[in-house]
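Asker:
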Amino acid sequence: MTDAGDEGSVPSEEESVMRILATTSFAIWVMIACFAVTGFSQRPVEGGEQDEALHLRGDLVEVPVIVRNRQNQYIHDLKKEDFVLYEDGVEQRIALFAHTEEPFHVALLIDTSGSTEEELPRIQQAALAFIRQLHPQDEVMIVSFDDEVRVLSEFTSDRGILARALARLQSGESTRLFDAVDTVVRQWMNPVAGRKALILFTDGVDTASREATEEETRQHLEESNVLVYSIRYDTREAVRRRLRRPKKIDIGTPPLPGPRRRPGPAPSPPNPPTSRWPDPSSRPFPLPRRWPMPNPYPTPYPDRYPTPHPPSSRVPYPTPAPAPSPPPRMPRRHPQPNDPLDAEYRHGEQYLWDLADRTGGAYYEANLLRDLPQVFEQIAEELRHQYTLGYYPTSTGDGRYHRIRVRVNRPGAYVRARPGYRAL
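Sequence positions in the sequence shown follow my numbering and run 131 to 554.
#1: For Phe275, which residues in the same chain have their Cβ closer than 6 angstroms to its Cβ, ignoring the five residues on either side in sequence?
#2: Helix, strand or coil: how does DSSP classify Ile162 here?
#3: Is DSSP giving Val322 helix, strand or coil here?
#4: Comparing alpha-carbon positions, which option in His235, Tyr494, Lys210, Leu482 lies nearest Thr286?
#5: Going by beta-carbon coordinates alone, are Val536 and Leu519 separated by less than 8 angstroms?
#6: With DSSP as the reference, identify every bridge partner of Ser360, one or two as the case may be.
#7: Which residue wins for smallest C-alpha separation from Leu502, given the options Thr332, His229, Ala225, Arg488?
#8: Who does Gln558 pair with in a DSSP beta bridge?
#9: Provide the residue span of the alpha helix (DSSP H) that contains Pro251, from first to last.
#10: Would you tell me roughly how many angstroms separate the C-alpha atoms of Gly490 and Ser243, rounded to the nearest one?
#11: Straight-line CA distance for Leu238 to Val356?
#12: Between which residues of its own chain and Gly302 is the CB-CB distance below 8 angstroms, once the five residues before and five after are set aside?
#13: By the DSSP assignment, the alpha helix (DSSP H) with Pro503 in it spans what residues?
#14: Taking CB distances under 8 angstroms as the criterion, tell me whether Phe260 reaches chain C.
#15: Could you name the residues of the same chain whose beta carbon sits closer than 6 angstroms to that of Ala295, not counting the 5 residues immediately before and after it, in chain order?
#16: So what does DSSP say about Arg306, is it helix, strand or coil?
#17: Just checking my contact of Pro194 with Arg325 at CB under 8 angstroms: how many whole Å lie between their CB atoms?
#18: My guess is that Leu299 and Leu264 are in contact by the Cβ rule of under 8 angstroms, so how many angstroms apart are they, rounded?
#19: Buried or exposed: Glu345, going by 16 or more other Cβ atoms within 10 Å of its Cβ?
#20: Who are the Cβ neighbours of Ala297 in its own chain at under 8 angstroms, not counting the five residues just before and after it?
#21: Is any heavy atom of the ligand MN found at a distance shorter than 7 angstroms from the C-beta of Arg530?
#22: Can you give the Cα-Cα distance for Arg476 and Asn497, rounded to whole angstroms?
#23: Would you mind working out which of Glu248, Gly219, Ala547 sits nearest Arg372, comparing C-alpha positions?
#24: So Ile291 is in the alpha helix (DSSP H); what residue range does that whole segment cover?
#25: My output table needs one value for Ala540: the three-state DSSP class, helix, strand or coil.
#26: Nearest to Arg546 by CA position, among Tyr517, Asp528, Leu499, is which residue?
#27: Within 10 Å of its beta-carbon, does Ser339 have 16 or more other beta-carbons around it, so buried, or fewer, so exposed?
#28: Considering only DSSP beta bridges, list what Tyr204 is partnered with.
#29: With DSSP collapsed to three states, give me the class of Val545.
#30: Could you tell me whether the Cβ atoms of Gln222 and Tyr521 are closer together than 8 angstroms?
#31: With distances taken Cα to Cα, identify the nearest neighbour of Glu495 among Ile329, Thr526, His229.
#32: Should Leu347 and Phe308 be called a contact, given that it needs their Cβ atoms to be closer than 8 angstroms?
#33: Are Leu359 and Ala486 close, meaning C-beta to C-beta below 8 angstroms?
#34: Of all the options Arg280, Arg548, Asp288, Pro233, which has the alpha carbon lying nearest to the alpha carbon of Leu258?
#35: Taking 8 angstroms as the cut-off, decide whether the C-beta atoms of Asp218 and Thr526 are in contact.
#36: For Ser354, collect the residues of the same chain with a Cβ closer than 7 angstroms to its Cβ; drop the 5 residues on either side in sequence, then sort them by chain order.
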C-alpha cells in the first residue's frame, strides 16, 4: 500500500495531460502574438487611421484635395481607390488617405492697419463666428499685423481664450503683410503635423515689411503643406479719406493753471517810424486830397483806326505774335494708370489670388464687410469636406519645383488641389 504522502508527490496520468495541454496552449498564444506584431509592423501604411500614421516618413508629400460635382456641391463619399495622383506626369502610389477625422490647425491673420479702424467691431464678430463653426478639436491661432506682427493667441481649441484674443484687436498705421505671412508659416505652421490652413484677411497692400519679401512668402508656401484662404476687402475709399484728413499741428503744451500775471508794457519796435507824426490824426494840418486823374483812353485798346480813312502817317497798334504751338506728344507704348493707388490695389489682389492658387486654397472678396460672415462660413464648410492624399516622391531634396495633378474616377467630379511643391 502507498501512503498519502507518496500519492501527493507522484502526479497522476490525468494531471500530466492537463499540464501538457496548458503548456501547449500558452506556446500557441505566444506564437499568435508574435505573428500579429510582425504582421502589423510590416503592413504598408495606407489609410487615415492614427495608429498607422505613426509609421509615415518625413519625406511624405501631402496634397489637400477638394472635390465638387456639377451643382457645386461637395462630394464626401470617395475612397482611396477613386483617386489617381501624378507627379511630373508619373503616377504615384498613394500612401496616405484621410478625410475629415483629423483635426485642423488654423492660423487666422487679420490686417489691423489704419484703414480698418472703423470696422474692427464687425471684423471681430465675423472672426468669432468663424471659430465657432469649426470642429471642437480644431486648434486656432490669432495674429494681427499693422506696424508690428502680434501673436494674440497660440494654437488652442479653447474658444474662451480665442474670444479674449479677438477682443484685444487694435488698429495701427502701416501694414507688414509679408512679414506676417512669412513668420506664421515658418515659425508656427511648418513645425505642426497634419492638416493646416491659413486664413488671410487683408486688402493685399504691403507698406512696411522689413524681414520678408513678396517672393520669399511664395517660396516658403510652396515648401509647406499649408492651405491659404485669402479674403480681400477694398479699403481705397478709407485710405483716400485718411489722406484728405488735415494733419494735426502741434501747438505746444498748454499753460499750467494758476494766477495770471498782469502783462507788462509792450516792447518798442526795433525800427521806429521815421515820420515826425506817426499818427495821421496828430498832424497840425490835413493833407490835400488827391483827386484821380482822368483816363484819356476809356478802353484799354480803342479801335486801331478811329476814323474810316486814317492818315497815311497813322501806324496801327502792333499785333502780338501768336504763341508757338507745343510739339506733338508721342503716344506711350505702355500707358501708366492714372491713379497709383489703384495700381497698388490691383497688385495686392493678384498677390492674394496667387497665394491661394499655389497652395490649393481659395480666393474670396468681401468688399462689403457685411458679407464677411458668409465668406467665413464657406471656408469653414470647405474645411469639413476636404480630403488629404499623401505619397513618397522618387526624387527628394533636389530643390526643383514638381507639378502635381489629381484625378478622380467619377463622372462629373471637379478637383481642386495644389498644383505642385518645391522639394527641399
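All residues carry an ideal CB built from backbone N, CA and C; glycine is no exception.
Just so we're clear, the structure is a prediction, and the values are computed from it rather than from any experiment.
Answerer: Per the coordinate set shown:
#1: Arg306, Ala310
#2: With a pLDDT of 49 at Ile162, under the threshold of 50, the modelled position of that residue is not reliable, and the figure given next carries that caveat. Correct three-state label for Ile162: helix.
#3: coil
#4: His235
#5: yes
#6: Partner(s): Leu330, Tyr493.
#7: Thr332
#8: Lying outside 131 to 554, the shown extent of the chain, residue 558 is not represented and no answer is given.
#9: 250-263
#10: 27 angstroms
#11: 13 angstroms
#12: Cβ within range, chain order: Thr242, Ser243, Gly244, Asp276, Asp277, Glu278.
#13: Counting along the chain, the alpha helix (DSSP H) containing Pro503 begins and ends at 502-514.
#14: The structure shown contains no chain C; it is built from a single protein chain.
#15: Hits under 6 angstroms: Ile272, Leu282, Ser283.
#16: coil
#17: 7 angstroms
#18: In fact, because the Cβ distance is near 19 angstroms, the residues do not count as touching under 8 angstroms.
#19: So Glu345 counts as exposed.
#20: Gln254
#21: Questions concerning the ligand MN fall outside what the structure shown contains, since it holds no ligand whatsoever.
#22: Taken atom to atom, the span from the alpha-carbon of Arg476 to that of Asn497 is near 14 angstroms.
#23: Glu248
#24: 289-297 is the extent of the alpha helix (DSSP H) around Ile291.
#25: Before going on, a small fix: residue 540 reads as Arg here, not Ala. Three-state DSSP puts Arg540 in coil, outside helix and strand.
#26: Tyr517
#27: buried
#28: Bridge partners of Tyr204: Arg198.
#29: Per DSSP, reduced to three states, the secondary structure at Val545 is strand.
#30: yes
#31: Ile329
#32: Correcting the residue type first, residue 347 is Thr in the shown sequence and not Leu. Yes, these two residues count as a Cβ contact at 8 angstroms.
#33: Checking the sequence shown, residue 359 turns out to be Tyr, not Leu. Against a cut-off of 8 angstroms, the Cβ pair of Ala486 and Tyr359 comes out as a contact.
#34: Distance check between Leu258 and each of Arg280, Arg548, Asp288, Pro233 places Asp288 closest, using alpha-carbon atoms only.
#35: For Asp218 and Thr526, no; Cβs fall outside 8 angstroms.
#36: Val315, Met319, Asn320
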